[in-house]
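Only one structure is covered here, and it is reproduced in the block below.
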Amino acid sequence: MKPFQYRAPTLLSEALSLLASAGQRARALAGGTDLLVQMRRGLISADLIVDVKKVFELNRLDFDPSDGLTIGAAVPLCRICESPEVARHYPGLVDALSIIGSVAVRSRATVGGNLCNAAPSADSIPALIVHGATCTVASREGTRQVPVARFCTGPGKTVLGPGELLVSVHVPPPQPRSGARYLRFTPRHEMDIAVVGVAAWLELSEGLSTIANARIALGAVAPTPLLAVEAGASLVGRTPSAGAFAEAAALAQRVAAPISDVRGTAAQRRHLVGILTRRALEGALQRARGAEPDGRQG
Amino acid sequence: MTAGAVGESVRRVDIEAKVQGRRRYPQDFSLPGMLHAVVVWAGYPHARIRRIDPSEALAVPGVLAVLTHEDVPVNEYGINIYDQPVLASDKVRWLGDRVAVVVAETLRAAERARDLVRVDYEELPIVDDPLEAMRPEATLVHEDRRSNLLKHIYVRRGNVEEGFAAADVIVEGTYHTPFVEHAYLQPEAGLAYIDDEGRVTVICAAQWPHDDLRQIAHALALPLEQVREVVPAVGGAFGGREDISVQILVALAAWRLRRPVKMVWSREESIRGHGKRHPFHMRHRWGATKEGRLTAVEIEAVLDAGAYASTSVPVLENAVSFLAGPYAVPHARIDGYAVYTNNAVTMAMRGFGATQPPVGYELQMDRLAEALGMDPVEIRMRNLLEPGSIAVTGNRMPAVTSARETLRAAALAAGWREEPQGWRRPGASILRASHLRRGIGVACAYKNVGYSFGFDDRSTAIVELALASDGSIQSALVRCAAVEVGQGVTTVLAQLAAQTLGLEVSRVRVALTDTAATPSAGSSSASRHVFMSGNAVVKACRQALEKRDAALREESGATRIVAEATFRGHDVRRTTAYDIVDGHCEPHISYSFGTQIAIVEVDIETGAVQVDRLIAATNAGTPVNPRLCLGQVAGGVHMGVGYALMEEFIQQKGQVRTARLSEYHIPTVADMPRELESIFTEVPDPDGPYGATGLGETPTLPTAPAILNAIHDATGAWITELPATPERVWRALRGVPAQPAAPARRPCP
Ligand SMILES: Cc1cc2nc3c(=O)[nH]c(=O)nc-3n(C[C@H](O)[C@H](O)[C@H](O)COP(=O)(O)OP(=O)(O)OC[C@H]3O[C@@H](n4cnc5c(N)ncnc54)[C@H](O)[C@@H]3O)c2cc1C
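From first to last, the protein sequence lines are chains A and B. Using our numbering, the first residue of the first sequence is number 1109, and each one after it goes up by one. Using our numbering, the first residue of the second sequence is number 4, and each one after it goes up by one.
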């Protein structure tokens, strides 16, 4: 690892100035569970490391029934998962955040880091996408909002420009009669990278008999996590049924563009997209009806 | 008063210091004036070296030397035969070959300079498939040999044609097992220096330090007395530290530069630089009567030996003796081949050639059971070896032969019933979801204890007693270089000494392994220390007691008694090499047996397999320390689960595709069976200390075949290629081959 400068500002303005001062040679550091690994392997080098864990705005975790949930970019995953409000209103998010790494990793790792690292397999992203979450991005020039669905632009690439910092992620308030579920498939139970991840979100109509709204997002099957628009749209107005879910699953499979690597072949990934989409929809439906699905992953 | 004697689960003597982080592992040692060394690894899996140009590297400030083959006095080593260069000279044969060592004042300088060592290569075609490598026209890995065939070993017993003619059913199968990485916690590290007596001293992890000395002395052209190895705490070994890793490299650098030199491999270097468990391609053809009695077996196994011999020959010897399983077979034709390739060197790994065979023989057993509509426990009971049975190699099995006891114990625990018509399996259980299938699978296995086939296996122990004036023993010190690699041997030796001396275990100290102070105990492998070194310690203790009694009779006033004893395997059973004609022999000193029953849940949509419950029955003879025995079982099952479901070291054209632990998956605790039930049968080994026997390897052997048989029971699909990854299971369920299956061609050397 090459030598670098380390700064840990407490004010957002200070953090933004530091990042602006070093441009491309600066890196934000949150939990470091991606960054340090990549620096030690020589994949990334930086002259300035700006530790953002002390910045107030990045450490908020606020819930308000009418405003929704704001997750500071530097809040460790364990804090989010342990929040009773998040658990009650966003169990589909907890599905994703509670399986990232191990207890040790989750004590450091953040949603901000997971988003900014922009791995195609990042577990938090499909779940945030189906919840319709938005990123707040700041620089010395000001702030802007970017939907999570458009945040990643390629493996390891995001919309962030030099000097920009992800401040927080905002998740809209929970809708009545809605439910979400995230499932991932890994050969190993934990400490593993998704072969496929699928998040589903459903909102039922007033009588609970038809689907009013649906979103499905896929991980690890394209250069970025993917909103499967048609798969979700195909469910709107329909009665939740095995047939409807199978059709949505087939549409999700169609947009998946997986590759073959050591973790799995494209054929297996495509197959798993179908299975996991159906199961995630079943789980989301149970939650929309107020029940809890079987806790197992995959 | 012998608190902590044989049979008690005393606390490990080393545990407190380890848990508190006080015990030092090899990489924790440093000395003033120490230099840092890094390896320049082979750039290709097979290439001729035209030129090595160190000039740019030498120009890096702080770099003292770039050592190459020209700096090695005798440029060869190898645990079994000297076929491996310390530093590659004319060509590289796998990616783990070391081409040069850069030595510098700082690690950073050494690492920078490493990238500047220019090696001019001429790439050569590679052989990466042992079956291809056996063809006469194949590229040679070692050009001074006529072919890539390293060794062919065979057994002929009876007349197989007659045996198959007498069979009512014949089942055939091909099986393939992968390369497996040891993945010990502590990557290779070593510190070498010249000690005050002028000896090149290496502090490192090892399994048999005295054997390392032989190889270090040979390469450095030094007399044995001028080399020394000190083994501090070792972070796991599993066979992977039998071979030399950093030892000669740091010794060479320290000897040349006359300063302490340290080398620490990264995890990636460890995975690249040390050998793996042998992949086996196996073909089986078995015949049996309607009553389920075996009439004949025909078995062929081809082992990928990788680029250098390492212990491939003894692994092959072991494997051939186990390929037919713990069963009595009247007619057998068994052939095993070890073949050089440009793949990773293959070597010892927990089981030493006894781990792969059960994947073949236990699936064959279940295939026979299925073909005959017979219960899997019942058919095994009808064929298992017992004390006095004649094994496939023509030898008579000893009293410790306890396969039946372990099968019976496991079967009863799993709900089998012994009825007048025979053993009957438990009924089906309830499923939790429609996409899940449950199945139950049985597997037996066995393993030698001690070194085999005529090897003069021995262990030496020195016991020193401190006496009070009345002659009572105050304390005892045991010197015996039985390396503690985490298995608990130090504690067990202390207990055996305590038992023999009538002392509390807290009054027994076991000296740290240092070849200058502790006599050779042989290797921490082959499940052998409890048996071999345990016997040596007990023998030395008994001699010390006699000397003490004599001193008392003579009123010599001695306050210190020293006794040294060597235990030889030959004194128990004189093993022999394979007979050149029919392969008959007395293969092993002693044996360890185990049976496991796995209950699995298969997700038929994804192919994921979860082991729900695993029952492990292991013969422990007299368990010296039951808790440590359980540790061996839990650890063995853990490795077995990895072997069964996920571990696979993948190479493509000689390049490593699983270069780090995020790609080479070992199971975490979450992948373990939800319930593990360990049962010890206590059939004593009359030749072991107090009836004890070794069990370090056996618990890992039946796990994978038990799981594969359970997957078949659950789904009807035979997974014949390890690991049973979700993708392989899913494809098997759809009847789609994953990759071209293990080649069924008949090898023709
Ligand atoms: C053992 C292990 C297991 C893992 N398992 C999983 C898993 O199961 N699922 C999964 O998805 N991931 C996994 N990961 C990856 C990693 O833990 C996650 O991506 C984690 O969320 C990253 O968060 P972090 O806070 O550690 O990020 P960091 O490493 O601190 O940062 C990651 C990247 O984001 C940038 N960054 C961080 N914060 C900001 C910000 N506020 N603004 C702009 N840029 C920023 C950094 O500069 C860096 O490039 C694992 C990692 C390890 C080491």
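Every residue gets a Cβ at the ideal spot worked out from N, C-alpha and C, and that includes glycine.
Neighbour list for residue 1300 of chain A in chain B, Cβ cutoff strictly below 9 angstroms:
As a position in the first sequence, residue 1300 of chain A is number 192, starting the count at 1. Those within 9 angstroms of residue 1300 of chain A in chain B are 665, 668, 671.
Grab me the residues of residue 321 of chain B's own chain with a C-beta within less than 7 angstroms of its C-beta, minus the 5 sequence neighbours each way, in chain order.
On the second sequence, residue 321 of chain B is found 318 positions in, with the first residue counted as 1. So the list reads 355, 356, 357, 451, 455, once near-sequence residues are dropped.
To the nearest angstrom, how far is it from the Cα of residue 601 of chain B to the Cα of residue 185 of chain B?
As a first step, residue 601 of chain B is located in the second sequence; it is residue number 598 there, counting from the start. As a first step, residue 185 of chain B is located in the second sequence; it is residue number 182 there, counting from the start. Near 23 angstroms, if we compare the C-alpha coordinates of residue 185 of chain B and residue 601 of chain B.
Pull up the distance between the alpha-carbon of residue 80 of chain B and that of residue 191 of chain B, whole angstroms please.
Residue numbering aside, residue 80 of chain B sits at position 77 when the second sequence is read from its first letter. Residue numbering aside, residue 191 of chain B sits at position 188 when the second sequence is read from its first letter. Whole-angstrom Cα-Cα distance: 18 angstroms.
For residue 1164 of chain A, count the other beta carbons within 10 Å of its own beta carbon; 16 or more makes it buried, fewer makes it exposed. Which is it?
For this step, residue 1164 of chain A is matched to residue 56 along the first sequence. Residue 1164 of chain A should be labelled exposed.
In the region 1124 to 1143 of chain A, which residues sit with their C-beta less than 9 angstroms from some C-beta in chain B, listed in chain order?
none
Starting from the beta carbon of residue 1372 of chain A, find every residue of chain B whose beta carbon is closer than 9 angstroms, and list them in chain order.
Here residue 1372 of chain A corresponds to residue number 264 of the first sequence, with the count starting at 1. The contacting residues are 728, 729, 730.
Hey, is residue 1216 of chain A close to ligand 1, as in C-beta under 8 angstroms from one of its heavy atoms?
Within the first sequence, the letter at position 108 stands for residue 1216 of chain A. Indeed, a heavy atom of ligand 1 lies less than 8 angstroms from the Cβ.
Where residue 1270 of chain A meets chain B, residues with beta-carbon distance less than 9 angstroms
Here the question's residue 1270 of chain A lines up with position 162 in the first sequence. By Cβ distance, chain B contributes nothing, its closest Cβ being about 29 angstroms from residue 1270 of chain A, past 9 angstroms.
Return the CA-CA distance between residue 743 of chain B and residue 286 of chain B, expressed in angstroms with no decimal places.
Residue 743 of chain B sits at position 740 when you count from the first residue of the second sequence. Residue 286 of chain B sits at position 283 when you count from the first residue of the second sequence. No answer about residue 743 of chain B holds up, because its pLDDT of 38 lies below 50 and its placement is not dependable.
Cβ atoms of residue 1353 of chain A and residue 1386 of chain A: under 9 angstroms apart, would you say?
Position 278 of the first sequence, counted from the first residue, corresponds to residue 1386 of chain A. Position 245 of the first sequence, counted from the first residue, corresponds to residue 1353 of chain A. Contact: yes.
Who are the Cβ neighbours of residue 639 of chain B in its own chain at under 6 angstroms, not counting the five residues just before and after it?
Against the second sequence, residue 639 of chain B aligns to sequence position 636. Result list for residue 639 of chain B: 702, 703, in chain order.
For residue 1114 of chain A, count neighbouring Cβ atoms within 10 angstroms of its own Cβ and tell me buried if that reaches 16, exposed if not.
To locate residue 1114 of chain A, count along the first sequence from 1; it is residue 6. It counts as exposed.
If you follow the beta strand (DSSP E) that residue 229 of chain B is in, where does it begin and where does it stop?
For the purposes of this step, residue 229 of chain B is taken as residue 226 along the second sequence, with counting starting at 1. No beta strand (DSSP E) contains residue 229 of chain B, which DSSP labels as neither H nor E.
For residue 381 of chain B, collect the residues of the same chain with a Cβ closer than 6 angstroms to its Cβ; drop the 5 residues on either side in sequence, then sort them by chain order.
Counting from one through the second sequence, the residue named residue 381 of chain B turns up at place 378. Cβ neighbours of residue 381 of chain B beyond the five flanking positions: 425, 426.
Grab me the residues of residue 731 of chain B's own chain with a C-beta within less than 8 angstroms of its C-beta, minus the 5 sequence neighbours each way, in chain order.
Your numbering for residue 731 of chain B matches position 728 in the second sequence. Hits under 8 angstroms: 610, 722, 724, 741.
Kindly examine ligand 1 and report whether one of its heavy atoms sits closer than 8 angstroms to the Cβ of residue 1229 of chain A.
Numbered from 1 along the first sequence, position 121 holds the residue referred to as residue 1229 of chain A. Correct: residue 1229 of chain A has its Cβ closer than 8 angstroms to ligand 1.
Does any C-beta atom of chain A lie closer than 9 angstroms to the C-beta of residue 272 of chain B?
Numbered from its first residue, the second sequence carries residue 272 of chain B at position 269. With 9 angstroms as the cut-off, residue 272 of chain B does not count as an interface residue toward chain A.
Under three-state DSSP, which class holds residue 283 of chain B?
On the second sequence, residue 283 of chain B is found 280 positions in, with the first residue counted as 1. Strand, per DSSP.
CA nearest to the CA of residue 125 of chain B, picked from B/666, B/54, B/442:
Residue numbering aside, residue 125 of chain B sits at position 122 when the second sequence is read from its first letter. Residue B/54 is the option with its Cα nearest to residue 125 of chain B.
Contact test: residue 1189 of chain A Cβ vs ligand 1 heavy atom, cutoff 8 angstroms
Stepping through the first sequence from its first residue, residue 1189 of chain A is reached at position 81. For ligand 1, not one heavy atom lies less than 8 angstroms from the Cβ of residue 1189 of chain A.
According to DSSP, simplified to helix, strand and coil, what is residue 1197 of chain A?
By one-based count along the first sequence, residue 1197 of chain A stands at place 89. Residue 1197 of chain A: helix per DSSP, three-state reduction.
Within-9 angstroms CB hit, residue 744 of chain B to chain A:
Working through the second sequence from its first residue, we reach residue 744 of chain B at position 741. Only weak support exists for where residue 744 of chain B lies, its pLDDT of 37 falling under 50; the value from the coordinates is given anyway. Residue 744 of chain B does not count as touching chain A.
Can you determine whether any heavy atom of ligand 1 sits closer than 8 angstroms to the C-beta of residue 1135 of chain A, and answer yes or no?
Translated into positions along the first sequence, residue 1135 of chain A becomes position 27. Yes, Cβ of residue 1135 of chain A sits closer than 8 angstroms to a heavy atom of ligand 1.
Exposed or buried, what is residue 18 of chain B when buried is set at 16 or more other beta-carbons lying within 10 Å of its beta-carbon?
Residue numbering aside, residue 18 of chain B sits at position 15 when the second sequence is read from its first letter. With fewer than 16 Cβ atoms within 10 Å of its Cβ, residue 18 of chain B is classed as exposed.
Measure the CB-CB distance between residue 430 of chain B and residue 372 of chain B and report whether it falls below 9 angstroms.
Start at 1 with the first residue of the second sequence, and residue 430 of chain B comes out as number 427. Start at 1 with the first residue of the second sequence, and residue 372 of chain B comes out as number 369. Contact: no.
Using a Cβ-based criterion (distance less than 8 angstroms to any ligand heavy atom), does residue 1182 of chain A qualify as near ligand 1?
Stepping through the first sequence from its first residue, residue 1182 of chain A is reached at position 74. The answer is yes for residue 1182 of chain A.
Cutoff 6 angstroms; reference residue 1286 of chain A; Cβ partners in own chain excluding five residues on either side:
As a first step, residue 1286 of chain A must be located in the first sequence, where it is residue number 178. For residue 1286 of chain A, where only same-chain residues beyond five positions count, the Cβ hits under 6 angstroms are 1311, 1396.
Can you list the beta strand (DSSP E) stretches of 3 or more residues lying completely in the region 1151 to 1224 of chain A, in chain order?
1156 to 1159, 1169 to 1172, 1176 to 1180
Is residue 129 of chain B helix, strand or coil by DSSP?
For the purposes of this step, residue 129 of chain B is taken as residue 126 along the second sequence, with counting starting at 1. It is coil, neither helix nor strand.
Assuming residue 251 of chain B contacts residue 218 of chain B (C-beta within less than 8 angstroms), just tell me the rounded distance between them.
In the second sequence, counting from the first residue as 1, residue 251 of chain B sits at position 248. In the second sequence, counting from the first residue as 1, residue 218 of chain B sits at position 215. About 7 angstroms separates the two Cβ atoms, so the contact holds.
Less than 9 angstroms between CB atoms is the rule here; does residue 1402 of chain A satisfy it with respect to chain B?
If you number the first sequence from 1, residue 1402 of chain A lands on position 294. It does: the Cβ of residue 1402 of chain A has a partner Cβ on chain B nearer than 9 angstroms.
Compare the C-beta of residue 1278 of chain A with all C-beta atoms of chain B and state if any pair is closer than 9 angstroms.
Locating residue 1278 of chain A in the first sequence gives position 170, counting from the first residue. No, residue 1278 of chain A does not count as interfacial toward chain B.
Please go through the same chain and pick out, in chain order, the residues whose beta-carbon is closer than 7 angstroms to the beta-carbon of residue 187 of chain B, but skip the five residues on each side of it.
Here residue 187 of chain B is taken as the residue at index 184 of the second sequence, counted from 1. Taken in chain order, the residues that qualify are 238, 239, 240, 241, 243.
So is residue 211 of chain B in contact with chain A if we call contact Cβ pairs under 9 angstroms?
For the purposes of this step, residue 211 of chain B is taken as the residue at position 208 of the second sequence. No, its Cβ sits nowhere closer than 9 angstroms to a Cβ of chain A.
Proximal chain A residues relative to residue 799 of chain B, where beta-carbon distance stays under 8 angstroms:
Nothing can be reported for residue 799 of chain B: it is not among the residues displayed for chain B, which extend from 4 to 752.
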